[in-house]
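2 protein chains.
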Amino acid sequence: MAANAGGLNELTVTEAARAIRDGTVTSEKLTEACLARIDERDDAIGAFAHIDHEYALKQATVADQIRGTGNGIGPLHGVPIAVKDIIDVAGYPNENGCPIFSGNRPQRDATCVAALRSAGAIIIGKTVTTELALLTPSTTKNPLNTSHTPGGSSAGSAAAVADLMVPGAVGTQTAGSVLRPASYVGIYGFKPTSGLVSRTGVLQQSHTLDTVGYFGHSIEDLALLTDCMAGYDATDPASYFASGPNVVELAASKPPLTPSFAFVKTPAWDQADPEMREAFTELAGELGAQCDEIELNGLARVIEWQRLVQLAENASYYGPLQDRARNLLSDELNVRLDEGVKVPVRAYIEAIASRERAYEAIAEIFEHYSVILTPAAPGPAPHLDEGITGSPIFNGLWTYLGMPAVSVPIMEVNGLPVGVQLVGPRRDDGRLLRTAKWLVEHLAQQPATA
Amino acid sequence: MAANAGGLNELTVTEAARAIRDGTVTSEKLTEACLARIDERDDAIGAFAHIDHEYALKQATVADQIRGTGNGIGPLHGVPIAVKDIIDVAGYPNENGCPIFSGNRPQRDATCVAALRSAGAIIIGKTVTTELALLTPSTTKNPLNTSHTPGGSSAGSAAAVADLMVPGAVGTQTAGSVLRPASYVGIYGFKPTSGLVSRTGVLQQSHTLDTVGYFGHSIEDLALLTDCMAGYDATDPASYFASGPNVVELAASKPPLTPSFAFVKTPAWDQADPEMREAFTELAGELGAQCDEIELNGLARVIEWQRLVQLAENASYYGPLQDRARNLLSDELNVRLDEGVKVPVRAYIEAIASRERAYEAIAEIFEHYSVILTPAAPGPAPHLDEGITGSPIFNGLWTYLGMPAVSVPIMEVNGLPVGVQLVGPRRDDGRLLRTAKWLVEHLAQQPATA
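Line by line, the protein sequences are chains E and H.
Per the numbering used here, the first sequence starts with residue 1, numbered consecutively.
Per the numbering used here, the second sequence starts with residue 451, numbered consecutively.
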């Protein structure tokens, strides 16, 4: 993946940043290569909602001028990054996958976009989201097989990275909108600990669950994006002080002990693809004594709490749109919002109030295991004919619990990728990525990998 | 009030702590004086739910022994403090004003009780709360006129301090349960910034609104209790890092500029007692150019949001009690909980999500004024025949906004006290108390005070 043999557009985020820093590549050349790839491929894929060559190249030119001065540069200097079309970029369209927002151009960058710019990144364009980042499919195709969905809701961000149009891209996850598409298109996807990356300037569908996440070609890419985007933001109530998480260094280090894996099937296991279940059982076998199958109590309730919270908060945040222009929302979304207003307030508050206790109970597992190992999705990407973006059933519970989760592309089922999801304790994003890196390298050394 | 001429039970918290520190009084003598006053008066007042002479005196004896060693002692060393009967004291009854909790004896101190003990305080006993700290009146009488209510829900804590049974007492406020009783019984009451004092170990009726507060005989008392009880507690999601608020020092200092007052009538003004309104207008007049009447927009919505949040969260937290033993709750409470489950989830979430924006808009006033000046209650304490504890309409909005609020006993209407409420910006508790102290001293110097 993304070896140096190909075009510049095939560089990983980490490789691109290093090449620009070393002076072997200019931001302009790199951005041109990405734009050329987008021009060539995006009619077939539909990853981008808005692209403006001039806007992108102007940033690249400035980046090269700054690099030319010999002054210090940021860790993402000159690297093009794509941003989901629900995240504000100043003066650029942000249409949220919904005609109600047609022509919407925010005045200010979202905090996470400003953080990317501070790190030197080029915002290359906005990627397609499903309608209001929910379940109605977008027209984006899976680059690995265009008759399949790339998943949702961060469909365009996942597809753009998988199709080598851009080294890295930002998405969001409220149930499974980063991990699931990463799994379907065979790339790395990461949802950091809730509160590590600010959500200010991002379309809000659920203040409890919304989380910024991102896609790249390696664990290093995810770590680098984390270090660049993490930061306290007083305008996001979920934000917490995390002074210099320094995830790149931690993720690159060698684990002091061989990591151990708690293989958690979750109550969704029986709904999962039989061949994927088999592949997981093989993977657990390959890990041998380092992996135990663990049954965590209460996960069915956690899945239900996530569902209730999202349903009710969706109805609250999107209800005003529905009140104003019901006809501009899909039938599917109208049904969902109508259902959301009926969530009993007592059940909603119980779901909110149960989160910390549920996390505490589940986090005890990390006294015995490095990470939880579980599917990133119920199987490979569904066919477009099914008219769905796949189920977030393996993701929503960890999102609700605020735990960091990474999808690692190390499995294939029926010719399509399936991600392995690793979940760690809150605020320990660096160690989770270190374990993920260990797993990738360990399996690469094995004689036969599923 | 509480001059040194009377018995030891008449000492303020600050005076008592100083006397014990100086060795002029022992904790045992002080505790005995308080117990004697309780024995003499509490049949008529009904401030205490649980009192155990031996338990109290044992702590006093230990305190005197520690004082005798010459080692360092805490800022509340040997001072008796009473605690509302919804706050856990290890091994002591905590019955929440409700027969469902009859015989309940928690194993651990609430965090705020542990903080009091760390400061050296004696827990003298538990004070009467209204049923589950809500609106159904307790049997406690107002010590200033026993045919009137002391207010609620912290009825016993307010009455015990007002009747000189104990120098200070801890209560809680979800709408107006500290400020209103303080107003009715003519003492100082303080609800600090939400999150400054931990609520872990306190009966939960609303995770959004519940706040610990306390009563004393002076601003110094409130400042001292704040310094002793403030602290970060990871088990309370509202808790925030506040390293050494040092409120005592700040509250005792002279304001660098003469304070200015924003007199805010609120939409509840028209419901207030006419004579109190007149007294307030006089007070504003006395403050002259330092006081402007200000109309804050949107307060009616804030009042409604507080009401909705409390109603829905009450139904969620007390619903399980109702499910289990409806017949052990008052009719009034059953009606309230039945109403609470009907709050539309969208309205509830809107009320939750509006809080920060509402605070930001209101906090702009502090760019121009030191504090908000507003009534602590709609008038003097209602007569017992009315069967109510009075309305928290002047308090709930500030509780919802998480702002610190203090009630200062400087007015009288129809022979009963009425508190003046001062409200400050969040996390600026010390300056609020400093302004309150300035106001008290300023009015004491005036030729005629209302």
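Don't be surprised by glycine CBs; every beta carbon is placed ideally from N, CA and C.
Computed from a predicted model, the values in this text were never measured in an experiment.
Kindly list the residues whose CB is nearer than 7 Å to the CB of residue i, restricted to its own chain and excluding five residues on each side of it in sequence; keep chain order.
i      : result
P549/H : L778
R431/E : L250 and G424
C678/H : P525, L526, A565, L566 and A569
T481/H : A506, L507, A510, P530, I572 and I574
A722/H : P825, P828 and G829
Q812/H : Gln is not the amino acid found at residue 812/H; the sequence shown has Ile there. Excluding residues within five positions, the ones whose Cβ falls inside 7 Å are L746 and L851.
A684/H : none
S648/H : T561, C562, G681, D683, D686 and S689
R41/E  : D163 and M165
Please work out which residues of its chain come closer than 8 Å, Cβ to Cβ, to residue i, disregarding the five sequence neighbours upstream and downstream, and give them in chain order.
i      : result
V440/E : I219, V408 and I410
N595/H : A831, G865 and L866
D502/H : Y542 and G575
E789/H : L761 and A765
D85/E  : A49, H50, P93, N94, E95, N96, G97, K126, T127, V128, T129 and G156
Is residue i helix, strand or coil by DSSP?
i      : result
G125/E : strand
D428/E : coil
L707/H : coil
M914/H : Chain H is shown from 451 up to 900; residue 914/H falls before or after that span and cannot be answered.
H77/E  : coil
T462/H : coil
I372/E : strand
A3/E   : Residue confidence is low: A3/E scores 39 on pLDDT, short of 50, so the model does not pin down where it sits. Its coordinate-derived value is still stated next. It is coil, neither helix nor strand.
V512/H : helix
G285/E : helix
A565/H : helix
F101/E : helix
L866/H : strand
D109/E : coil
R238/E : Arg is not the amino acid found at residue 238/E; the sequence shown has Ala there. The answer is coil: DSSP assigns A238/E none of H, G, I, E or B.
F844/H : coil
H657/H : coil
What in chain E is Cβ-close to residue i, meaning under 7 Å?
i      : result
R796/H : A315, S316, G319 and V341
H657/H : A353
H800/H : The question names His, but residue 800/H in the sequence shown is Glu. Those are S316, listed as they occur along chain E.
A762/H : V345 and I349
So which of the options has the shortest CA-CA distance to residue i?
i      : options                           : result
A162/E : A175/E, S147/E, N142/E and V170/E : N142/E
A300/E : V264/E, T12/E, T31/E and S316/E   : V264/E
E460/H : A688/H, I753/H, P631/H and P617/H : P617/H
I822/H : A762/H, R796/H, V870/H and G846/H : V870/H
S703/H : D559/H, T885/H and N784/H         : T885/H
P245/E : L224/E, R67/E and G186/E          : L224/E
V533/H : N546/H, N521/H, I523/H and G522/H : N546/H
R108/E : A262/E, A36/E, T200/E and L397/E  : T200/E
L287/E : Q446/E, D39/E and S102/E          : Q446/E
I87/E  : P106/E, T149/E and I303/E         : P106/E
N71/E  : C291/E, A47/E, R21/E and L35/E    : R21/E
Quick one: what's residue i bridged to in DSSP?
i      : result
Y188/E : G216/E
K84/E  : T127/E
E28/E  : Paired residue(s): none; E28/E is not in a bridge.
G621/H : G663/H
H500/H : K576/H
Q421/E : T374/E and S407/E
A230/E : V197/E
Could you pull out every residue in the same chain whose Cβ sits closer than 6 Å to the Cβ of residue i, ignoring the five residues on either side in sequence?
i      : result
Y809/H : L851
G666/H : V463, G618, Y638 and L672
A451/E : Summary: the structure shown does not reach residue 451/E, with chain E confined to residues 1 through 450, and so no result is reported for it.
L771/H : I550
E782/H : T586
I495/H : K591, P593, A609 and D613
D514/H : T476, S477 and E478
Which residues of chain H have a Cβ atom closer than 7 Å to the Cβ of residue i, listed in chain order?
i      : result
E356/E : P687
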